[in-house]
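The structure under discussion appears below in the form of structure tokens.
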Amino acid sequence: MTVGDALPELCVEVTPTTVVLGALASRDWRPMHHDYKFATERNGVADIFLNTPNQAAWFERYVTDWSGQRSRPGRMKFRMKTSVFPGDTMVFSAVVTDVGTDEVGQGWVSLDVTLTVAAVGDTPDRIASTCEVRIAVPSTDSDNPWSRSGDQWIP
Amino acid sequence: MSTDVTDLPEQVTSMIGVSQYSQTASFDVERSYAYNTLAATQNANPLYWDDAVSAELTGGVIMPPTTLSLWMRPHYWEPGAEGEQVALQVHFDMKALFGLPEAVMTDNTIIFHEPVRPGDRISNSQILRSVSGPKTTKLGTGRFWVIDVEFRNQKDQVVGVESYTGFGYIRSGATS
Numbered sequence: 580m581t582v583g584d585a586l587p588e589l590c591v592e593v594t595p596t597t598v599v600l601g602a603l604a605s606r607d608w609r610p611m612h613h614d615y616k617f618a619t620e621r622n623g624v625a626d627i628f629l630n631t632p633n634q635a636a637w638f639e640r641y642v643t644d645w646s647g648q649r650s651r652p653g654r655m656k657f658r659m660k661t662s663v664f665p666g667d668t669m670v671f672s673a674v675v676t677d678v679g680t681d682e683v684g685q686g687w688v689s690l691d692v693t694l695t696v697a698a699v700g701d702t703p704d705r706i707a708s709t710c711e712v713r714i715a716v717p718s719t720d721s722d723n724p725w726s727r728s729g730d731q732w733i734p
Numbered sequence: 033m034s035t036d037v038t039d040l041p042e043q044v045t046s047m048i049g050v051s052q053y054s055q056t057a058s059f060d061v062e063r064s065y066a067y068n069t070l071a072a073t074q075n076a077n078p079l080y081w082d083d084a085v086s087a088e089l090t091g092g093v094i095m096p097p098t099t100l101s102l103w104m105r106p107h108y109w110e111p112g113a114e115g116e117q118v119a120l121q122v123h124f125d126m127k128a129l130f131g132l133p134e135a136v137m138t139d140n141t142i143i144f145h146e147p148v149r150p151g152d153r154i155s156n157s158q159i160l161r162s163v164s165g166p167k168t169t170k171l172g173t174g175r176f177w178v179i180d181v182e183f184r185n186q187k188d189q190v191v192g193v194e195s196y197t198g199f200g201y202i203r204s205g206a207t208s
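Which chain is which? The protein sequence lines are W and E, in order.
Our numbering puts the first residue of the first sequence at 580, with every later residue one more than the last.
Our numbering puts the first residue of the second sequence at 33, with every later residue one more than the last.
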């Protein structure tokens with residue numbers, strides 16, 4: 580993998596179940612993630628929407644689909660610009676922004692991930708979230724980032 | 033995030049940088065609950081589905097790293113509890129102190145340390161880092177605030193650190 584590499588896109592149709600399942604899976608009981616009237620009348624948004632921890636889980640799934648089971652997430656930082664609603668199609672894409680090795684010999688890859696909601700009719704694509712991910716990857720066939728602990732793990 | 037602390041009440045400025053709400057989860061980390069996140073995101077990573085893989089790579093079952101915060105989220109109801117049980121109390125304190133009835137999260141940073149394993153009992157504490165001056169967005173007028181949360185296991189190892197940016201607001205045309 581080298582800087583500039585693009586990851587394969589992942590497209591996901593969002594349904595009310597996607598939103599509610601994700602919220603309850605993260606033990607997020609706040610009503611804007613399952614109660615349409617609360618979301619629209621109180622929050623003033625178009626519908627119930629994907630919650631924050633579930634977006635994090637989608638970013639993890641997307642990146643580790645590509646990097647594999649031996650890779651180990653170090654950190655992620657994301658900004659939610661607009662909400663993701665039922666009826667949206669999420670399109671995850673990413674590009675490698677950095678490849679390197681830290682002071683203890685751990686290999687790292689940095690990625691810029693974009694979560695775009697696909698266009699529908701006259702409504703254009705919109706970037707819902709952007710996410711910077713730093714993930715540890717094996718330096719050799721026998722390397723295992725998960726074996727690192729304490730001062731040997733610098734996420 | 034730009035800040036304007038000159039208009040912040042003393043009650044708020046005194047909270048900035050102070051660790052609050054240190055607490056320990058009322059339940060153990062549980063593998064079966066993590067399957068809900070894996071199912072919700074259609075995550076087929078063998079590390080979480082194949083015990084031979086997790087044994088080889090991580091010395092046993094671990095939880096998906098991004099499930100970090102769920103192990104500290106309270107039950108919706110439990111005996112003796114009154115009112116809504118919330119996970120990030122400082123966020124709700126800010127809403128109340130500024131009279132901002134609505135709120136959303138805009139940014140989230142998660143740093144992953146020691147893996148979380150079944151049977152762990154997680155603790156955390158919250159630190160208000162900053163509060164902005166009044167801001168107007170398409171949602172309404174309010175303030176942004178940043179809250180850090182550190183998570184530890186029962187061995188006092190750091191398992192992760194999160195930072196949330198919340199925006200509390202009054203919708204345009206609404207009164208508090």
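Quick reminder that beta carbons are idealized off the backbone N, C-alpha and C, glycines included.
Exercise. Please go through the same chain and pick out, in chain order, the residues whose beta-carbon is closer than 6 Å to the beta-carbon of T594 of chain W, but skip the five residues on each side of it.
Key: P665
Quiz item: In three-state DSSP terms, what is D644 of chain W?
Solution: helix
Exercise. Measuring only between beta-carbons, confirm whether T631 of chain W sits less than 8 Å from chain E.
Key: yes
Quiz item: Where are the alpha helix (DSSP H) runs, 4 residues long or more, that stay fully inside the region 77-123 of chain E, in chain order?
Solution: 78-81 and 83-90
Exercise. State the start and end residues of the unbroken alpha helix (DSSP H) segment that holds E43 of chain E.
Key: Note on identity: in this sequence residue 43 of chain E is Gln, with Glu being the wrong assignment. Residues E42 to T45.
Quiz item: Under a CB-based cut-off of 8 Å, is V85 of chain E close to chain W?
Solution: yes
Quiz prompt | Opening and closing residue of the beta strand (DSSP E) in which A198 of chain E lies | solution = Before going on, a small fix: residue 198 of chain E reads as Gly here, not Ala. Taken as a continuous stretch (DSSP letters only), the beta strand (DSSP E) holding G198 of chain E covers V190 to R203.
Quiz item: Are there three or more Cβ pairs, one per stretch, closer than 8 Å when the region 161-169 of chain E is compared with the region 69-80 of chain E?
Solution: no
Self-check item: Cβ separation of V692 of chain W and A673 of chain W, assumed to be a contact under 8 Å, to the nearest whole Å
Solution: 4 Å
Quiz item: In its own chain, which residues sit with a C-beta less than 6 Å from the C-beta of S204 of chain E, not counting the 5 before and 5 after it?
Solution: G172
Practice problem: In angstroms with no decimal places, state the Cα-to-Cα distance between P610 of chain W and T596 of chain W. | Solution: 14 Å
Self-check item: Enclosing alpha helix (DSSP H) for A602 of chain W [first to last residue]
Solution: P595 to A604
Quiz item: Listing by chain order, which chain E residues have their CB less than 7 Å from the CB of K656 of chain W?
Solution: T141
Self-check item: 8 Å Cβ cutoff, P595 of chain W in contact with chain E
Solution: no
Practice problem: Could you tell me which of E:E182, E:Q43, E:P96 and E:H107 sits nearest to A535 of chain W, measuring between CA atoms? | Solution: It is not possible to answer for residue 535 of chain W, since the shown part of chain W is limited to 580 through 734.
Quiz item: How would you list, in chain order, the residues of chain W whose beta-carbon sits under 8 Å from the beta-carbon of Q43 of chain E?
Solution: None at all; the shortest Cβ gap to chain W is about 25 Å.
Quiz item: Using a C-beta to C-beta distance shorter than 7 Å, which residues of chain E count as neighbours of P652 of chain W?
Solution: P97 and F144
Quiz item: Any C-beta of chain E sitting closer than 8 Å to the C-beta of Q648 of chain W?
Solution: yes
Exercise. My understanding is that L102 of chain E touches R606 of chain W, with C-beta atoms under 8 Å, so please give their C-beta distance in whole angstroms.
Key: 5 Å
Quiz prompt | Whole-angstrom distance between P652 of chain W and A87 of chain E, CA atom to CA atom | solution = 18 Å
Exercise. Below 8 Å CB to CB, which residues in the same chain sit around T56 of chain E once its five sequence neighbours on both sides are set aside?
Key: R153, I154 and S155
Quiz prompt | the region 608-625 of chain W: positions lying closer than 7 Å to chain E by Cβ | solution = W608, R621, N622 and G623
Quiz item: Thinking just about the alpha-carbon of each residue, which of E:E116, E:N68, E:Y201 and E:T98 is nearest to the one in G174 of chain E?
Solution: E:Y201
Quiz item: What are the boundary residues of the beta strand (DSSP E) that N156 of chain E is part of?
Solution: S155 to V163
Self-check item: Nearest-angstrom Cβ-Cβ length linking F638 of chain W and C590 of chain W, presumed shorter than 8 Å
Solution: Going by Cβ atoms, the distance from F638 of chain W to C590 of chain W rounds to 15 Å, so no, they are not a contact pair.
Quiz prompt | Exposed unless 16 or more other CB atoms sit within 10 angstroms - verdict on K187 of chain E | solution = exposed
Self-check item: Presumed contact (8 Å Cβ cut-off) between W732 of chain W and H123 of chain E, rounded CB distance
Solution: With a Cβ gap of about 29 Å, W732 of chain W and H123 of chain E do not count as contacting.
Exercise. Using 10 angstroms around the beta-carbon of S208 of chain E, count the other beta-carbons present and answer buried if the total reaches 16, otherwise exposed.
Key: The predicted model places S208 of chain E with a pLDDT of 45, which falls under 50 and marks its position as unreliable; any figure quoted below should be read in that light. When all chains shown are included, S208 of chain E counts as exposed.
Practice problem: Measure from the C-beta of M126 of chain E to each C-beta in chain W and report whether the shortest distance is under 8 Å. | Solution: no
Quiz item: DSSP state of S208 of chain E, grouped into three classes?
Solution: In this prediction, S208 of chain E has a pLDDT of 45, which is less than 50 and means its spatial position is unreliable; nothing more can be read from the coordinates.
Quiz item: Are three or more beta carbon pairs between the region 711-726 of chain W and the region 681-688 of chain W nearer than 8 Å?
Solution: yes
Quiz item: Using a C-beta cutoff of 8 Å, does T709 of chain W count as contacting chain E?
Solution: no
Quiz item: Sorted by chain position, which residues of the same chain lie with C-beta nearer than 6 Å to V181 of chain E's C-beta, five sequence neighbours on each side aside?
Solution: N156, Q158 and E194
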